[in-house]
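My numbering puts the first residue of the sequence shown at 57, with every later residue one more than the last. Idealized CB from N, CA, C, for every residue including glycine.
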Amino acid sequence: MNFDLTPEQDQLRDAVRALGRRYGHSYFVGKAKSGGHTTELWDEAGRLGYLGVNVPTEYGGGGGGLTELAIVCEELAAAGCPLLLLVVSPAIAATVIHKHGTEEQRKRFLPGFADGSLKVVFAITEPEAGSNFHRLGTVARRDGDDWLLSGRKCYISGVDEAQYVLVVARTEDSATGKLKPALFLVPTDAAGLTRSKLDMEIVSPENQFLLYLDDVRLPADALVGGSLDAGLPALFAGLNPERITVAAMGVGTGRYAIERATDYTATRRVWGGRSIGAHQGVAHPLAHAAVQVELARLMIHKAATLYDAGRDLEAGVAGNMAKYAAGEAAALAVDTAVQALGGAGMTTEYGVATLLGAVRAGRIAPVSREMILNFVAQHVLGQEKSY
Ligand SMILES: Cc1cc2nc3c(=O)[nH]c(=O)nc-3n(C[C@H](O)[C@H](O)[C@H](O)COP(=O)(O)OP(=O)(O)OC[C@H]3O[C@@H](n4cnc5c(N)ncnc54)[C@H](O)[C@@H]3O)c2cc1C
């Protein structure tokens with residue numbers, strides 16, 4: 057058992073931490089409140105190779121694994137910049153294309169993931185299907201060599217920043233019953249693809265959208281893997297990276313909140329000599345949150361290590377557990393930090409309450425805590441499925 061990062065991973069952690077701190081939470085919030093995007097941070101991280109750490113070297117990436125990408129997600133979040141697009145673009149989309157794309161798709165897309173110049177977002181959720189993706193209603197039908205896609209997607213993050221959206225559809229001949237998914241790379245400016253921005257109670261420069269696909273015409277090579285048989289494995293390939301990186305973002309956010317709070321409670325004095333942090337009513341909840349964050353962090357380390365060793369099934373269990381633990385720990389840490397800061401906790405200036413919406417959403421998306429508990433109940437505890 058080894059709890060240490062390699063020297064290279066340590067260097068990566070330090071370097072990403074330094075970059076994140078140069079931008080910081082006030083940059084992130086400023087962009088969110090002005091309707092901007094964190095383009096400067098994204099581009100710089102891309103130039104430095106941090107967004108492409110998990111892309112193979114032959115396509116210009118860092119040749120690392122999910123452990124490295126999780127480090128990038130965690131450290132940017134720990135600096136107050138939790139970038140959801142890291143989860144959808146380098147973690148989900150790049151992995152899907154790397155593992156299940158055709159060689160032509162790999163050559164075309166992976167270099168852009170490697171330097172961050174390409175952003176691909178991910179669209180599976182639909183209004184009617186919700187957590188039950190077997191009910192997906194977005195249909196792909198053949199028209200000569202082309203495909204025509206029609207359907208609706210909801211809560212899709214970052215469409216306004218991305219060049220492509222990876223759309224999960226089903227083919228016309230399997231329009232009902234057990235899902236045989238097909239994944240398509242759809243340009244965000246494709247004719248027939250329209251979007252409307254959802255108003256979300258989350259302070260974030262990354263937005264969510266409703267997407268409408270109305271006979272979006274795509275060439276044959278838009279189908280990931282070039283074959284309908286590639287769909288299911290391609291969809292599953294994105295799940296572990298998604299869970300592990302979103303968990304890393306949660307842990308980073310929890311660390312950030314606890315650091316803000318403990319800096320404050322160690323120096324604020326309202327009863328004469330002692331700081332408010334000397335009172336156990338203030339310190340213990342923070343210590344409890346720190347324990348939960350560290351436990352989640354360990355589980356992420358385990359999940360990423362298993363994934364990078366090619367042990368996908370075990371990584372699936374650990375990744376789901378890590379996502380659950382990190383979602384709960386992040387929500388607890390931010391709420392506890394707000395309380396410890398008192399009134400300052402609710403100000404924009406102290407930069408903690410600004411994360412309340414994001415960590416609350418982290419218990420719902422990209423997979424809800426209940427669906428993870430279902431997974432653990434069925435696959436770890438051997439319980440019958442209720443749905
Ligand atoms: C900020 C944010 C960003 C997102 N970004 C994306 C994105 O980029 N791409 C994308 O495709 N989707 C995205 N989503 C959608 C997200 O993945 C879904 O919201 C999530 O999977 C839950 O689906 P739903 O909202 O339809 O909830 P529903 O499925 O309607 O569920 C509602 C509630 O019922 C519970 N529930 C449902 N079924 C069961 C069951 N069998 N047992 C127990 N409880 C159950 C759920 O856990 C949840 O609490 C995003 C969502 C948010 C909030």
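Practice item. May I ask you to report which of helix, strand or coil DSSP gives Gln219? Key: One-based indexing of the sequence shown puts residue 219 at position 163. Reduced to three states, the DSSP call for Gln219 is coil.
**Study point:** Counted within 10 angstroms of its Cβ, other Cβ atoms place Thr62 as buried (16 or more) or exposed
**Key:** Counting from one through the sequence shown, the residue named residue 62 turns up at place 6. Burial call: exposed.
**Study point:** For Trp98, the first and last residue of its enclosing alpha helix (DSSP H)
**Key:** As a first step, residue 98 is located in the sequence shown; it is residue number 42 there, counting from the start. Unbroken alpha helix (DSSP H) run through Trp98: Thr95 to Arg103.
Practice item. Quick one: give me the first and last residue of the alpha helix (DSSP H) that Val242 is part of. Key: If you number the sequence shown from 1, residue 242 lands on position 186. Per DSSP, Val242 belongs to no alpha helix (DSSP H); it is in the beta strand (DSSP E), Pro237 to Pro243.
Check your understanding: For the putative contact between Thr321 and Ile332, defined by C-beta atoms under 8 Å, what is the C-beta separation to the nearest angstrom?
Key -> One-based indexing of the sequence shown puts residue 321 at position 265. One-based indexing of the sequence shown puts residue 332 at position 276. About 5 Å separates the two Cβ atoms, so the contact holds.
Check your understanding: What are the start and end residues of the alpha helix (DSSP H) that includes Lys87?
Key -> Counted from its first residue, the sequence shown places residue 87 at position 31. First-last of the alpha helix (DSSP H) with Lys87: Pro63 to Ser90.
Check your understanding: Using CA coordinates, which residue listed in Ala134, Gly121 and Gly117 is at the minimum distance from Val349?
Key -> Along the sequence shown, one-based indexing puts residue 349 at 293. Considering only alpha carbons, the answer is Ala134.
Point to revise | Segment limits, alpha helix (DSSP H) that includes Asn358 | key: Here residue 358 corresponds to residue number 302 of the sequence shown, with the count starting at 1. Note that residue 358 is Lys in the sequence shown, not Asn. Per DSSP, Lys358 belongs to the alpha helix (DSSP H) from Gln336 to Asp364.
Practice item. Would you mind sorting Pro138 into buried or exposed? The rule is 16 or more other CB atoms within 10 Å of its CB. Key: As a working mapping, residue 138 is identified with position 82 in the sequence shown. Label assigned to Pro138: buried.
Exercise for review: Return the first residue and the last residue of the beta strand (DSSP E) that Gly310 is part of.
Suggested key: As a position in the sequence shown, residue 310 is number 254, starting the count at 1. Not the beta strand (DSSP E): Gly310 falls in the alpha helix (DSSP H), residues Leu295 to Thr323.
**Study point:** Span of the alpha helix (DSSP H), counted from its first residue to its last, around Tyr406
**Key:** Within the sequence shown, numbered from 1, the residue matching residue 406 stands at position 350. Here Tyr406 belongs to no alpha helix (DSSP H), and DSSP marks it neither H nor E.
Check your understanding: If you draw a straight line from the alpha carbon of Ala290 to that of Glu124, how long is it in whole angstroms?
Key -> The count along the sequence shown starts at 1 and reaches residue 290 at position 234. The count along the sequence shown starts at 1 and reaches residue 124 at position 68. Near 21 Å, if we compare the C-alpha coordinates of Glu124 and Ala290.
Check your understanding: Secondary structure at Arg367, three-state DSSP: helix, strand or coil?
Key -> For this step, residue 367 is matched to residue 311 along the sequence shown. It is coil, neither helix nor strand.
Review point. Is there contact here, the stretch 413 to 427 with the stretch 333 to 348, by at least three beta-carbon pairs under 8 Å?
Key: no
Practice item. Answer yes or no: do Thr151 and Pro297 have a C-beta to C-beta separation smaller than 8 Å? Key: Locating residue 151 in the sequence shown gives position 95, counting from the first residue. Locating residue 297 in the sequence shown gives position 241, counting from the first residue. Yes; because the gap between Cβ atoms is below 8 Å, this pair is in contact.
Check your understanding: Rounded to the nearest angstrom, how far is the Cβ of Ser213 from that of Lys175, given a contact under 8 Å?
Key -> For the purposes of this step, residue 213 is taken as the residue at position 157 of the sequence shown. For the purposes of this step, residue 175 is taken as the residue at position 119 of the sequence shown. Incorrect: roughly 11 Å between the Cβ atoms, too far for contact.
Exercise for review: Measure the alpha-carbon distance for Glu64 versus Leu204 and round it to whole angstroms.
Suggested key: To locate residue 64, count along the sequence shown from 1; it is residue 8. To locate residue 204, count along the sequence shown from 1; it is residue 148. Each residue's alpha carbon lies about 46 Å from the other.
Review point. By Cβ distance, which residues of its chain are closer than 6 Å to Met305, with the 5 residues on each side in sequence left out?
Key: For the purposes of this step, residue 305 is taken as the residue at position 249 of the sequence shown. Only Cys129, Ala133 and Pro138 meet the Cβ criterion.
Exercise for review: Using only the heavy atoms of ligand 1, determine whether one of them is closer than 7 Å to the beta carbon of Ser283.
Suggested key: For this step, residue 283 is matched to residue 227 along the sequence shown. No; taking the cut-off as 7 Å, the Cβ of Ser283 has no heavy atom of ligand 1 nearer than that.
Practice item. Select from Arg353, Tyr312 and Ala126 the residue whose C-alpha is nearest the C-alpha of Val390. Key: Along the sequence shown, one-based indexing puts residue 390 at 334. That would be Tyr312, whose Cα lies nearest to the Cα of Val390.
Exercise for review: Grab the span of the beta strand (DSSP E) containing Lys155 for me, first residue to last.
Suggested key: Stepping through the sequence shown from its first residue, residue 155 is reached at position 99. Not the beta strand (DSSP E): Lys155 falls in the alpha helix (DSSP H), residues Ala150 to His156.
Check your understanding: What's the C-alpha gap between Ser206 and Val272?
Key -> What you label residue 206 is simply residue 150 of the sequence shown in a count that begins at 1. What you label residue 272 is simply residue 216 of the sequence shown in a count that begins at 1. Those two C-alpha atoms are separated by around 7 Å.
Point to revise | For Leu279, three-class secondary structure by DSSP | key: By one-based count along the sequence shown, residue 279 stands at place 223. Three-state DSSP puts Leu279 in a strand.
Review point. Under the criterion of a Cβ to heavy atom distance below 7 Å, does Glu426 qualify as lining ligand 1?
Key: Counting from 1 along the sequence shown, the entry for residue 426 is found at position 370. Yes, the Cβ of Glu426 comes within 7 Å of a heavy atom of ligand 1.
Check your understanding: Is it the case that the CB of Ile300 approaches a heavy atom of ligand 1 more closely than 7 Å?
Key -> By one-based count along the sequence shown, residue 300 stands at place 244. No; taking the cut-off as 7 Å, the Cβ of Ile300 has no heavy atom of ligand 1 nearer than that.
Practice item. Check Lys19 in the structure and name its three-state DSSP category. Key: Past the boundaries of the shown model lies residue 19; the chain is included only from 57 to 443, so the question cannot be answered.
Check your understanding: Whose C-beta lies closer than 8 Å to the C-beta of Ile148 among residues of the same chain, with five residues either side of it excluded?
Key -> Position 92 of the sequence shown holds residue 148. If we look at Ile148 and ignore the five residues flanking it on each side, its Cβ neighbours are Phe178, Leu222, Gly294, Pro297 and Glu298.
Point to revise | Inter-residue CB distance, Leu239 and Gly287 (contact presumed, cutoff 8 Å) | key: As a working note, residue 239 is residue 183 in the sequence shown. As a working note, residue 287 is residue 231 in the sequence shown. Right, the Cβ-Cβ distance comes to about 6 Å (below 8 Å), so this counts as a contact.
Review point. Is Pro183 buried or exposed, if buried means 16 or more other CB atoms sit within 10 Å of its CB?
Key: Position 127 of the sequence shown, counted from the first residue, corresponds to residue 183. Pro183 is exposed by the Cβ-count criterion.
Check your understanding: So, is His154 buried or exposed, given that buried needs 16 or more other C-beta atoms within 10 angstroms?
Key -> Taking the sequence shown and counting its residues from 1, the one referred to as residue 154 is at position 98. Burial call: buried.
**Study point:** heavy atom of ligand 1 below 7 Å from Met305 C-beta
**Key:** Walking along the sequence shown from the start, residue 305 turns up at place 249. No, ligand 1 has no heavy atom inside 7 Å of this Cβ.
Review point. Alpha carbon to alpha carbon, what distance is there between Ser260 and Phe84?
Key: Translated into the one-based positions of the sequence shown, residue 84 becomes position 28. Translated into the one-based positions of the sequence shown, residue 260 becomes position 204. Cα to Cα, Phe84 sits roughly 7 Å from Ser260.
**Study point:** Neighbourhood of Thr244 by C-beta distance below 7 Å, restricted to the same chain and skipping five residues each side
**Key:** Walking along the sequence shown from the start, residue 244 turns up at place 188. Val215, Ala218, Gln219, Tyr220 and Val221, listed in sequence order.
Review point. Nearest CA to the CA of Arg197: which residue from Thr158, Gly168, Pro237 and Asp171?
Key: Counting from one through the sequence shown, the residue named residue 197 turns up at place 141. Of Thr158, Gly168, Pro237 and Asp171, the residue nearest in Cα terms is Pro237.
Review point. If we ignore side chains and look at the alpha-carbon of each, how far apart do His81 and Thr94 end up?
Key: Position 25 of the sequence shown, counted from the first residue, corresponds to residue 81. Position 38 of the sequence shown, counted from the first residue, corresponds to residue 94. C-alpha separation (whole angstroms): 11 Å.
Practice item. Please indicate yes or no: does the CB of Tyr211 lie closer than 7 Å to some heavy atom of ligand 1? Key: What you label residue 211 is simply residue 155 of the sequence shown in a count that begins at 1. Yes, the beta carbon of Tyr211 sits closer than 7 Å to at least one heavy atom of ligand 1.
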